[in-house]
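Trainee:
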Amino acid sequence: MYHLSLHGSNTDSDIYIGSGIFSQTAKHIAEKFQPTRIHIVTDSNVAPLYLEQLRAEFPIGVTTTVIPAGEEYKTLDTVAGIYADLSEAELTRSDLVIALGGGVVGDITGFTAATYLRGIHVCQIPTTLLAQVDSSVGGKTGVDLPQGKNLVGAFYQPELVIIDTDILTSLPEHIFNDGMAEVIKYGCIANPDILNMIAQPDFKSNMQHIVYECVRIKRDVVQQDEHDTGLRMILNFGHTIGHGAEKVGHFTELTHGQAVAIGMVQAAKLGAKLGETDYTQQITEICQAHELPTQLPYPIEEVYAAMLHDKKRAGDSINMILIHPMGKANIHKIPLEQLHTLLTAE
1 MYHLSLHGSN
11 TDSDIYIGSG
21 IFSQTAKHIA
31 EKFQPTRIHI
41 VTDSNVAPLY
51 LEQLRAEFPI
61 GVTTTVIPAG
71 EEYKTLDTVA
81 GIYADLSEAE
91 LTRSDLVIAL
101 GGGVVGDITG
111 FTAATYLRGI
121 HVCQIPTTLL
131 AQVDSSVGGK
141 TGVDLPQGKN
151 LVGAFYQPEL
161 VIIDTDILTS
171 LPEHIFNDGM
181 AEVIKYGCIA
191 NPDILNMIAQ
201 PDFKSNMQHI
211 VYECVRIKRD
221 VVQQDEHDTG
231 LRMILNFGHT
241 IGHGAEKVGH
251 FTELTHGQAV
261 AIGMVQAAKL
271 GAKLGETDYT
281 QQITEICQAH
291 ELPTQLPYPI
301 EEVYAAMLHD
311 KKRAGDSINM
321 ILIHPMGKAN
331 IHKIPLEQLH
341 TLLTAE
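In terms of full-length UniProt numbering, the sequence shown is numbered consecutively and its last residue is 346.
1) Hey, how far is the Cα of G148 from the Cα of K247?
2) Give me the Cα-Cα distance between G8 and N177, rounded to the nearest whole angstrom.
3) Any contact between the segment 329-337 and the segment 228-243? By contact I mean 3 or more CB pairs, one from each, below 8 Å.
4) Return helix, strand or coil for S135, following the three-state DSSP convention.
5) Can you check the segment 19-68 for any beta strand (DSSP E) of at least 3 residues that lies completely inside it and give the ranges in chain order?
6) Nearest CA to the CA of H209: which residue from R313, I163, I125, V221?
7) With I241 and Q295 assumed to form a contact (beta carbons below 8 Å), what rounded beta-carbon distance in angstroms separates them?
8) Please classify I108: is it buried, with 16 or more other beta-carbons within 10 angstroms of its beta-carbon, or exposed?
9) Report the three-state DSSP secondary structure of I286 (helix, strand or coil).
10) Can you give me the Cβ contacts of D134 inside the same chain, cut-off strictly under 6 Å, excluding the 5 residues immediately before and after it?
11) For a quick check, are the C-beta atoms of D316 and L336 less than 9 Å apart?
12) Could you tell me the alpha carbon to alpha carbon distance between E159 and T25, rounded to whole angstroms?
13) With H309 as the anchor, note down where its alpha helix (DSSP H) starts and where it stops.
14) Which one or two residues does DSSP pair with S317 in a beta bridge?
15) Hey, T127 and G102: beta-carbon distance below 9 Å or not?
16) When the Cα of I167 is compared with those of M180, Y50, Y186, which residue comes out closest?
17) Suppose contacts are defined by Cβ-Cβ distances below 9 Å. Is S44 in contact with A69 by that definition?
18) Does the beta-carbon distance from residue 409 to Y186 come in below 9 Å?
19) Given A113, which residues of its chain have a CB within under 6 Å of its CB, disregarding the five upstream and five downstream residues?
20) Between which two residues does the beta strand (DSSP E) harbouring Q223 extend?
21) Just the Cα atoms here: how many angstroms apart are residue 396 and H290?
22) Give me, in chain order, the residues of the same chain whose beta-carbon lies closer than 6 Å to that of A99; leave out the 5 immediate sequence neighbours on both sides.
23) Is the beta carbon of Q157 sitting closer than 9 Å to the one on N10?
24) Who are the Cβ neighbours of V211 in its own chain at under 7 Å, not counting the five residues just before and after it?
25) What's the call for A245, buried or exposed, on a 16-neighbour Cβ count within 10 Å?
26) If you check the beta carbons only, do I82 and I60 fall under 9 Å apart?
27) Do you know offhand how far K140's Cα is from Y116's?
28) With DSSP as the reference, identify every bridge partner of I163, one or two as the case may be.
29) Can you give me the start and stop residues for the beta strand (DSSP E) that D266 sits inside?
30) By Cβ distance below 7 Å, which residues in the same chain neighbour A47 in space, the five residues on each side in sequence not counted?
31) How big is the Cα-Cα spacing for D202 and N196?
32) Would you kindly check if the distance between the Cβ of I184 and the Cβ of I217 is under 9 Å?
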């Protein structure tokens, strides 16, 4: 088992990564918190698999909210429903909310915890690869608006993250592959050894170490730039164009990982147009090896229009993350007019 600490501005996160540690959740919670009530938020996919097992670990009362699965439910209406359940359960600021699920559940629950009673304790238990290597760590929470992805949110560090890599064996192949997009991202921006690891035929036997390497990179970046004003932007490699594609697809036609894979390839093409080393073929081949799409399925004009609502836009420019060399990410502030020209050029 691995243990990492993330020292945030207002709280420290303890992150445990290991095989079979889901069954140790109650022990780790007792070491960290003293709640009189616990509320678990999960979704309709995860609840039948893990909810009762988790509830049974606790000697105190546990209440639950089960939300519909899917990015299209990552809305303020869903948050309002969780608020109502927390109020009915009479949770106080000394009590605990647990996010049990993938990235959507983690983002919604984190935002709810950040804003209910102006802040309540939260523990993340990510059940997808994407959530384990990325969204459960670092304190970014939020929900989508019709205008774009994650436009309402807060920085709110979970005090405890339990990452059980055994859970990955229960994932459908397409959900596992979805998370591989974020793993590939970490290899591109910080540690090319990750790309070598996932190129091995038996890489799934090494998932505990792969997950650890990704989380370690994110921990190191977030500790230097918790609120996403500088270095943390490199974690958005593939996300700016990817989020635009997700929006054009109404958050239902592409998964987040699929959109990020497409976005990374598009960012590589953009880097080549700006005179950087062209990693388009290398990233394309890595993504395809893990059954991720690499072609933009929508007109670039529509994706560009969606990108104009991205959080990384600043006035008449937008921050794009480019790779040079492989394993090192660079932040490029590109004027919108130039970006439009580059994206639409053959």
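All C-beta atoms in this analysis are idealised placements derived from N, C-alpha and C, irrespective of residue type, glycine included.
Mentor: In short, the structure shows the following:
1) 6 Å
2) 30 Å
3) Three or more beta-carbon pairs drawn from the segment 329-337 and the segment 228-243 are found closer than 8 Å, and the two stretches are therefore classed as touching.
4) helix
5) Look at the segment 19-68 and you find these whole runs of beta strand (DSSP E), each 3 residues long or longer: 38-43, 62-67.
6) I163
7) Not a contact, Cβ separation roughly 12 Å.
8) buried
9) helix
10) E182
11) yes
12) 13 Å
13) Here H309 belongs to no alpha helix (DSSP H), and DSSP marks it neither H nor E.
14) A314, P335
15) yes
16) Y50
17) yes
18) Nothing about residue 409 can be reported from this structure: the residues present for the chain run from 1 to 346 only.
19) V97, I120, V122
20) Looking at the DSSP string, Q223 is not in any beta strand (DSSP E); the run it does join, the alpha helix (DSSP H), is 207-224.
21) The chain is shown only over 1 to 346; residue 396 falls outside these bounds and no answer can be derived.
22) V41, V105, G106, T109, Q124
23) yes
24) I17, Q132, V133, I163, T165
25) buried
26) no
27) 16 Å
28) I17
29) First, the amino acid is wrong: residue 266 is Gln here, not Asp. It is not in any beta strand (DSSP E) - Q266 instead sits in the alpha helix (DSSP H) that spans 256-273.
30) V66
31) 12 Å
32) no
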